[in-house]
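Numbering (my numbering), first residue to last: 1415 to 2024.
No residue lacks a Cβ here, since even glycine has one placed at the ideal position from N, Cα and C.
Bear in mind the structure is a predicted one, so any value in this text is a computation, not a measurement.
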């Protein structure tokens, strides 16, 4: 063939034609031929067939009938070598295209397409199974649909829920995708779910068909906690969401606004470093220390410095989000709303939401009173916090809308940022080479006086690579917030039904060996000469998502991660307690609102004295 496969060659491929014939015998794509109707009463083999009877011809069963086929369950193309049996409907033991007046009229078209496509696949590639599987282990289970295809284990009522048991969801879905492909259909209860596990398929969802997938599926927790989905994260795609997006981009989370909160960050981080230094030589729970500090920074940024009860707010929201992150059967069986009441989760979320709402409403009321007093000249006008920004008249947001957005910002900026810092510390503690390199950079840039300033962060090139690599291996939201298919469409040749729930496995994509060399290794240097960034243009790296629903808090989040991490690296050397070797540090994950470490990071700080 000289490297060129075309239709002129197909007639020479005698054995390939036998392979196609045998495939259609064992796997007719429509196993039950299109039904027919009996036009008048008649008799077949002594049986009376009433008029109007629906007639189903089981071509699949006929093609495996041992009365006509030797070893009928065996795939043996040679059986057709000296056989005159063909597709034309004259051999009734072999009718993959039907027979008679209503035989499929597209036999020639279909056979040419099948034979040419198969020939190209066989000519151009050698093939092997992934994950060390051997050929005899290939699962040949079928899935019923318009045509019958290979399937994964689908059980009545629960669908594929059982396939997710036994591991963290993002890991289990990655394992399943290695078996069933990067675009995988699961039936989770009643919900048609499409799982995306490759950069190529993610690009189709997040760029090519971004508008179709711009909305969110209904989720009980977001409906309650986010005031009927009035926040930026889960509000349906439409005018209201576009307004929120504009507010976030131009006002709420702009670079200028994030920079204006630098004094808050520096004040809280100074306390943080002093607190750690006071316990030098003793083990500290760095996970909790980081979470407390970052939560306070985000709370003060959102609610303002004058609000004095930040810990009460933080505690209430944390309890509510922990409960909201639980598993709810009602989300998997939308038609059975009563399940939400039986599981007890709905009442728990509502209970904690009421507590959070009371605090949030009092904060909004206090801001409103402060603005009125400032307008009357009774008190001095203070620098706007995020609540003040959202309360501007031109935005026209309701109190519930304001509260929903603030909760989104707090939830998206506190736990995720603290989780990322903790993972970064764990990774560089585990790898002494990386620790020495990033520590040398930070200590050189900040100098012997240790006058750390956010303005120096642009000079910390390697530290920024450390953060990038941390987010590649440990995206805090490994399965990006789900999307919903707004209309039926096609991706990579597969039909995606309207209302399907779309899950993008950013964790699996970030570890895909097709895009990353030594994908499981923590190696920040991979980003030094790389143009890959967070902005959603590189679909092999999407820790913040991409497209219209990309996380709007990118600048806010990175600022909250990079500077605290730099201070921890500058001010302290770190020792793993209990004689544990650094390289033996446990890196097991725990699933939650964000995926953190299963075991809190316990370390001993040793103050750096230049």
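Near residue 1832, what residues of its chain come up, given a Cβ to Cβ distance below 6 Å and the 5 sequence neighbours on each side ignored? Walking along the chain shown from the start, residue 1832 turns up at place 418. Residues of the same chain with a CB within less than 6 Å of the CB of residue 1832, apart from the 5 flanking positions on each side, are 1704, 1705 and 1708 in chain order.
DSSP three-state call for residue 1826: helix, strand or coil? Start at 1 with the first residue of the chain shown, and residue 1826 comes out as number 412. In this structure, residue 1826 counts as helix in the three-state DSSP scheme.
Mapping the DSSP letters down to three states, classify residue 1605 as helix, strand or coil. On the chain shown, position 191 is the one that residue 1605 refers to. Under the three-state reduction of DSSP output, residue 1605 falls in the strand class.
In this structure, does DSSP put residue 1577 in helix, strand or coil? Position 163 of the chain shown, counted from the first residue, corresponds to residue 1577. Helix.
Give the secondary structure of residue 1839 by DSSP, where H, G and I count as helix, E and B as strand, and everything else as coil. Here residue 1839 is taken as the residue at index 425 of the chain shown, counted from 1. If DSSP states are grouped into helix, strand and coil, residue 1839 belongs with the helices.
Whole runs of the beta strand (DSSP E) within the stretch 1889-1938, excluding any shorter than 3 residues: Segments of the beta strand (DSSP E) lying fully in the stretch 1889-1938: 1903-1905, 1908-1910 and 1915-1918.
From 1443, 1468 and 1447, pick the residue whose C-alpha is nearest to that of residue 1455; which is it? Locating residue 1455 in the chain shown gives position 41, counting from the first residue. Checking every option, the nearest Cα to that of residue 1455 belongs to 1468.
According to DSSP, simplified to helix, strand and coil, what is residue 1703? Stepping through the chain shown from its first residue, residue 1703 is reached at position 289. It is helical.
Going along the chain, which residues of its own chain have a beta-carbon closer than 6 Å to the beta-carbon of residue 1837, five neighbours each way excluded? The sequence position of residue 1837 within the chain shown is 423, counting from 1. Counting only Cβ-Cβ distances below 6 Å, and skipping sequence neighbours, we find 1884 and 1888.
Going by DSSP, what residue range makes up the alpha helix (DSSP H) through residue 1769? Position 355 of the chain shown, counted from the first residue, corresponds to residue 1769. Note, residue 1769: alpha helix (DSSP H), 1759-1789.
What residue range does the beta strand (DSSP E) around residue 1522 cover? Residue numbering aside, residue 1522 sits at position 108 when the chain shown is read from its first letter. If you look at residue 1522, you'll find it isn't in any beta strand (DSSP E); it sits in the alpha helix (DSSP H) that goes 1521-1538.
With a 10 Å radius around its C-beta and 16 neighbouring C-beta atoms as the bar for buried, classify residue 1754 as buried or exposed. What you label residue 1754 is simply residue 340 of the chain shown in a count that begins at 1. Buried: at least 16 other Cβ atoms inside 10 Å.
Classify residue 1979: buried if its beta carbon has 16 or more other beta carbons within 10 angstroms, exposed otherwise. Translated into the one-based positions of the chain shown, residue 1979 becomes position 565. Counting Cβ neighbours within 10 Å, residue 1979 comes out buried, since at least 16 surround it.
When the Cα of residue 1921 is compared with those of 1878, 1591 and 1752, which residue comes out closest? Numbered from 1 along the chain shown, position 507 holds the residue referred to as residue 1921. Comparing alpha carbon positions, the residue from 1878, 1591 and 1752 closest to residue 1921 is 1591.
Please list the terminal residues of the continuous alpha helix (DSSP H) segment that includes residue 2110. Look at the range of the chain in this structure, 1415 to 2024, and you will see that residue 2110 is not part of it.
State the beta-bridge partners of residue 2016 as determined by DSSP. Your numbering for residue 2016 matches position 602 in the chain shown. According to DSSP, which records beta bridges pairwise, residue 2016 is partnered with 1699.
What does the Cβ neighbour count give for residue 1853, buried or exposed, with the cut at 16 atoms within 10 Å? Here residue 1853 is taken as the residue at index 439 of the chain shown, counted from 1. That one is buried.
Give the straight-line distance between the Cα atoms of residue 1725 and residue 1710, rounded to the nearest whole angstrom. As a position in the chain shown, residue 1725 is number 311, starting the count at 1. As a position in the chain shown, residue 1710 is number 296, starting the count at 1. Spanning the alpha carbons of residue 1725 and residue 1710 requires a straight line of approximately 8 Å.
Taking the C-alpha atoms as reference points, what is the distance between residue 1878 and residue 1938? Here residue 1878 corresponds to residue number 464 of the chain shown, with the count starting at 1. Here residue 1938 corresponds to residue number 524 of the chain shown, with the count starting at 1. Using only the alpha carbons, I get a separation of about 9 Å.
Name the two residues that bound the continuous alpha helix (DSSP H) containing residue 1474. Residue mapping note: residue 1474 aligns to position 60 of the chain shown, counting from 1. 1473-1476 is the span of the alpha helix (DSSP H), which, as asked, contains residue 1474.
For residue 2004, does the three-state DSSP call read helix, strand or coil? Locating residue 2004 in the chain shown gives position 590, where the first residue counts as 1. In the structure shown, residue 2004 sits in a strand (DSSP, three-state: E or B).
Whose CA, out of 1600, 1594, 1595 and 1584, lies closest to the CA of residue 1571? By 1-based counting over the chain shown, the position of residue 1571 is 157. Of the candidates 1600, 1594, 1595 and 1584, the residue whose Cα lies closest to the Cα of residue 1571 is 1600.
If we require 4 or more residues per run, which alpha helix (DSSP H) segments fall completely within the stretch 1484-1521? You should have found no qualifying run.
Helix or strand or just coil, what does DSSP make of residue 1627? By 1-based counting over the chain shown, the position of residue 1627 is 213. In the structure shown, residue 1627 sits in coil (DSSP, three-state: anything other than H, G, I, E or B).
Taking residue 1989 as part of the alpha helix (DSSP H), name the residues at either end of that continuous run. Numbered from its first residue, the chain shown carries residue 1989 at position 575. Where residue 1989 is concerned, there is no enclosing alpha helix (DSSP H), although the beta strand (DSSP E) it sits in stretches over 1986-1989.
CA-to-CA distance, residue 1452 to residue 1582, given in whole angstroms: Within the chain shown, residue 1582 is the residue found at index 168, counting from 1. Within the chain shown, residue 1452 is the residue found at index 38, counting from 1. If you draw a straight line from the Cα of residue 1582 to the Cα of residue 1452, it comes to about 54 Å.
Relative to the alpha-carbon of residue 2013, which residue among 1699, 1997 and 1632 has its alpha-carbon at the smallest distance? Locating residue 2013 in the chain shown gives position 599, where the first residue counts as 1. Cα-wise, what sits closest to residue 2013 is 1699.
Would DSSP call residue 1456 helix, strand or coil? Sequence index remark: in the chain shown, residue 1456 carries index 42 (1-based). Residue 1456: strand per DSSP, three-state reduction.
Beta-carbon contacts of residue 1968 that lie in its chain and below 7 Å, excluding the five residues immediately before and after: By 1-based counting over the chain shown, the position of residue 1968 is 554. Within the same chain, and ignoring the five residues on either side of residue 1968 in sequence, the residues whose Cβ sits closer than 7 Å to its Cβ are 1948 and 1958.
Examine the ligand FMN and report whether any of its heavy atoms sits within less than 6 Å of the Cβ of residue 1522. What this structure holds is no ligand at all, so the ligand FMN is not there to describe.
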